[in-house]
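*Asks:* Below: one structure in C-alpha cells.
Number of protein chains: 2
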Amino acid sequence: MVLSRTSQYAIQALIYIATQAPGVPVLNRDIAERLNVPAAYLAKILQNLCKHGLLDSFRGRLGGFCLREGMHKSTLMQVLLLTEGPDFTQNCILGLKRCSDETACPLHLRWKPVKNKIIAMMNDMTLEDLAKAVLTGKYRLADLPVAAMPAR
Amino acid sequence: MVLSRTSQYAIQALIYIATQAPGVPVLNRDIAERLNVPAAYLAKILQNLCKHGLLDSFRGRLGGFCLREGMHKSTLMQVLLLTEGPDFTQNCILGLKRCSDETACPLHLRWKPVKNKIIAMMNDMTLEDLAKAVLTGKYRLADLPVAAMPAR
DNA sequence: CTCCTTAAAGAGTTTTTTGTCCAAATTATA
DNA sequence: TATAATTTGGACAAAAAACTCTTTAAGGAG
Chain R
34 MVLSRTSQYA IQALIYIATQ APGVPVLNRD IAERLNVPAA YLAKILQNLC
84 KHGLLDSFRG RLGGFCLREG MHKSTLMQVL LLTEGPDFTQ NCILGLKRCS
134 DETACPLHLR WKPVKNKIIA MMNDMTLEDL AKAVLTGKYR LADLPVAAMP
184 AR
Chain W
34 MVLSRTSQYA IQALIYIATQ APGVPVLNRD IAERLNVPAA YLAKILQNLC
84 KHGLLDSFRG RLGGFCLREG MHKSTLMQVL LLTEGPDFTQ NCILGLKRCS
134 DETACPLHLR WKPVKNKIIA MMNDMTLEDL AKAVLTGKYR LADLPVAAMP
184 AR
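Protein chains in written order, with this note's numbering: chain R, 34 to 185; chain W, 34 to 185.
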C-alpha cells in the first residue's frame, strides 16, 4: 500500500541490527535467515545503506554490518528517503507532476493532512525506539519461520 | 507512495467521465487525450472497470464509456478494491503476511490509525463529489498539456 | 448491405523491480 | 603464509507492471 519491498527489507534489517549489541558486526546471512528474506538481494540493500552512511561494513572473519556511530537515532524517514527516493514525500496521490496547494488535483485537499500524518509518523520513529519495542518480545519483525536457532 | 499507476489512471478517468453528461458515452480516445495517458493501456483499464460493473461500454458510432446507473455514488475505495486488489486495506506496512493487533509488527500500533484515516478518506470520497470539485475549475485532473480544445 | 467507427480480446513488448550467481577483494586466524 | 569467511561488484535472470499492436466483433449511418 505504501512501501516497496526494498524499503520493507531495509527497515526490517535495520531494526534487527539495532537490536543486536552495538559494534559487533551482524552477518548478512544471519539477517536474511532471521527475516526470511533472499540473502543476495538483502546484501545489495545493505550495501546501499552503507554507501549512504547508515551502516558500516566489515569483510572477512568477524565481518558483517553495524549501525554507524549515532545512527541508532535515525528515523524511518531518513531510511525511506534513501530507499524510496528523495521525492518520497512529494508525490501527488494521482501521480500529477505538479500538485500543490495552488495547483491541486481533486484529492489534494483531503489527502494532504493524511500524508502529513504519514510523514510525521516516519519522522518520529527511530531505529532505537523500534529495536526496543522488538526486544520487549511483543512485536515480530518477520513472518512465521522465526527459526529461533540458539547461538550454538 | 500509495497507488499504482493503474489505479491513478482509473480514478482520473472515472472522475472525468463523471464530469460529462450522464448517459452520453465518452470515447476512450478522448479520455486518454484529456488525461495525457496512453490510450491502449487506458482501454484495458476501462474494460476491467466494465467487467466489474462500474462502467457501461458501447461499440460502434456513438460508442464509448458511461458510468453505470447509480455509480456516480461510488467511492474511491470501491474503485481501489478493483484496481489494487481485495486486500488493499489489509497489507502490513512491513509486508508481513500476518500482522494484526495480536500479532503485530513494530510499526503496527503507530501505522494503524494512519491507515484508518486513509481508508476513511477513500470511503468518503465519491466520484460525484470529485467531479463537482473538478467542475468548479479549481482543481486539475491531469498534467500540464490540458489541451483544452473546444468541442468544435 | 456496406462502410466506418468503436470497444473487446489476446498476444506481444518494454521497463522496472526483485532476485540470483559468480568472481574478485579483504580480513582474521591458524 | 595459507586458508576460510566475509563483503563487493557486476552481470545476469525472473517476475511484475506498464504499455503496444493487431485482429475481431458490434453498432450506427448512408
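Glycine included, every Cβ here is placed at the ideal spot set by N, Cα and C. Since the structure is predicted, the reported quantities are computational estimates derived from the model, not experimental observations.
Mapping the DSSP letters down to three states, classify Leu82 of chain W as helix, strand or coil.
*Replies:* As a first step, residue 82 of chain W is located in the second sequence; it is residue number 49 there, counting from the start. In the structure shown, Leu82 of chain W sits in a helix (DSSP, three-state: H, G or I).
*Asks:* Starting from Asp157 of chain R, trace the beta strand (DSSP E) in both directions and tell me its first and last residue.
*Replies:* Within the first sequence, the letter at position 124 stands for residue 157 of chain R. Where Asp157 of chain R is concerned, there is no enclosing beta strand (DSSP E), although the alpha helix (DSSP H) it sits in stretches over His141 to Asp157.
*Asks:* Establish whether the CB of Arg38 of chain W and some CB of chain R are separated by less than 8 Å.
*Replies:* Your numbering for residue 38 of chain W matches position 5 in the second sequence. Taking Cβ atoms only, chain R reaches closer than 8 Å to Arg38 of chain W, which makes this a yes.
*Asks:* Could you tell me if Glu102 of chain R is buried or exposed, where buried requires 16 or more neighbouring beta carbons within 10 angstroms of its beta carbon?
*Replies:* Counting from 1 along the first sequence, the entry for residue 102 of chain R is found at position 69. When all chains shown are included, Glu102 of chain R counts as exposed.
*Asks:* In terms of alpha-carbon separation, which member of R:Arg94, R:Ile48, R:Ala73 and R:Glu66 lies closest to Leu88 of chain R?
*Replies:* Numbered from its first residue, the first sequence carries residue 88 of chain R at position 55. The shortest Cα separation from Leu88 of chain R among R:Arg94, R:Ile48, R:Ala73 and R:Glu66 belongs to R:Ile48.
*Asks:* Using 8 Å as the cut-off, can you tell me whether the segment 144 to 160 of chain W makes contact with the segment 104 to 111 of chain W, which would need three or more C-beta pairs spanning the two stretches below that distance?
*Replies:* Verdict: yes, contact present.
*Asks:* Could you tell me which of W:Leu142, W:Met110 and W:Glu66 sits nearest to Leu36 of chain W, measuring between CA atoms?
*Replies:* Residue numbering aside, residue 36 of chain W sits at position 3 when the second sequence is read from its first letter. When only C-alpha atoms are compared, the closest one is W:Met110.
*Asks:* Can you tell me whether Ala137 of chain R is helix, strand or coil according to DSSP?
*Replies:* By one-based count along the first sequence, residue 137 of chain R stands at place 104. Note: Ala137 of chain R maps to strand in three-state DSSP.
*Asks:* Do you know offhand how far Pro71 of chain R's Cα is from Thr39 of chain R's?
*Replies:* Taking the first sequence and counting its residues from 1, the one referred to as residue 71 of chain R is at position 38. Taking the first sequence and counting its residues from 1, the one referred to as residue 39 of chain R is at position 6. Distance between the alpha carbons of Pro71 of chain R and Thr39 of chain R is about 11 Å.
*Asks:* Please report the straight-line C-alpha distance between Gly118 of chain W and Ile78 of chain W, rounded to a whole angstrom.
*Replies:* Looking up residue 118 of chain W in the second sequence gives position 85. Looking up residue 78 of chain W in the second sequence gives position 45. Approximately 13 Å, taken between the alpha carbons.
*Asks:* Below 8 Å on C-beta distance, what does Val167 of chain R contact in chain W?
*Replies:* In the first sequence, the residue the question calls residue 167 of chain R occupies position 134. The answer, in chain order, is Pro139.
*Asks:* How many angstroms separate the CA atom of Phe264 of chain R from the CA atom of Asp63 of chain R?
*Replies:* Outside the shown range of chain R, which is 34 to 185, sits residue 264 of chain R, and nothing can be said about it.
*Asks:* Exposed or buried, what is Val57 of chain R when buried is set at 16 or more other beta-carbons lying within 10 Å of its beta-carbon?
*Replies:* In the first sequence, the residue the question calls residue 57 of chain R occupies position 24. It counts as exposed.
*Asks:* Any C-beta of chain R sitting closer than 8 Å to the C-beta of Leu47 of chain W?
*Replies:* Against the second sequence, residue 47 of chain W aligns to sequence position 14. Chain R contact via Cβ: absent.
*Asks:* For the segment 140 to 159 of chain R against the segment 90 to 98 of chain W, are there 3 or more C-beta pairs whose distance is under 8 Å?
*Replies:* Result no; under three Cβ-Cβ pairs closer than 8 Å.
*Asks:* Chain W partners of Asp134 of chain R, CB-CB under 8 Å?
*Replies:* Taking the first sequence and counting its residues from 1, one reaches residue 134 of chain R at position 101. Within 8 Å Cβ-Cβ: nothing; Asp134 of chain R doesn't reach chain W, min ~11 Å.
*Asks:* With DSSP as the reference, label Val70 of chain W as helix, strand or coil.
*Replies:* The sequence position of residue 70 of chain W within the second sequence is 37, counting from 1. Here Val70 of chain W sits in coil by DSSP.
*Asks:* Can you check whether the CB of Leu75 of chain W is closer than 8 Å to the CB of Ala46 of chain W?
*Replies:* As a first step, residue 46 of chain W must be located in the second sequence, where it is residue number 13. As a first step, residue 75 of chain W must be located in the second sequence, where it is residue number 42. In this structure, Leu75 of chain W lies closer than 8 Å to Ala46 of chain W by Cβ.
*Asks:* Apart from the five residues on each side of it in sequence, which residues of its chain come closer than 8 Å, Cβ to Cβ, to Arg185 of chain W?
*Replies:* Here residue 185 of chain W refers to the residue found at position 152 of the second sequence. At Arg185 of chain W, the pLDDT of 29 sits below 50, so the modelled position is not reliable; the number obtained from the coordinates is stated separately. If we look at Arg185 of chain W and ignore the five residues flanking it on each side, it has no Cβ neighbours.
*Asks:* Rounded to whole angstroms, what is the Cα-Cα separation between Leu130 of chain R and Leu177 of chain W?
*Replies:* Indexing the first sequence from 1 puts residue 130 of chain R at position 97. Indexing the second sequence from 1 puts residue 177 of chain W at position 144. According to the sequence provided, residue 130 of chain R is Lys. The question's Leu does not apply to it. The alpha-carbon atoms of Lys130 of chain R and Leu177 of chain W are separated by roughly 9 Å.
*Asks:* Using the beta-carbon count (16 or more within 10 Å), is Gln123 of chain R buried or exposed?
*Replies:* As a first step, residue 123 of chain R is located in the first sequence; it is residue number 90 there, counting from the start. Exposed.
*Asks:* Rank R:Arg173, R:Arg67 and R:Gln80 by C-alpha distance to the C-alpha of Leu127 of chain W and give the top, closest one.
*Replies:* Counting from one through the second sequence, the residue named residue 127 of chain W turns up at place 94. Leu127 of chain W has its Cα closest to that of R:Arg173, out of R:Arg173, R:Arg67 and R:Gln80.
*Asks:* Quick one: which residues of the segment 60 to 88 of chain W get their C-beta closer than 9 Å to a C-beta of chain R? List them in chain order.
*Replies:* Hits within the stretch: zero.
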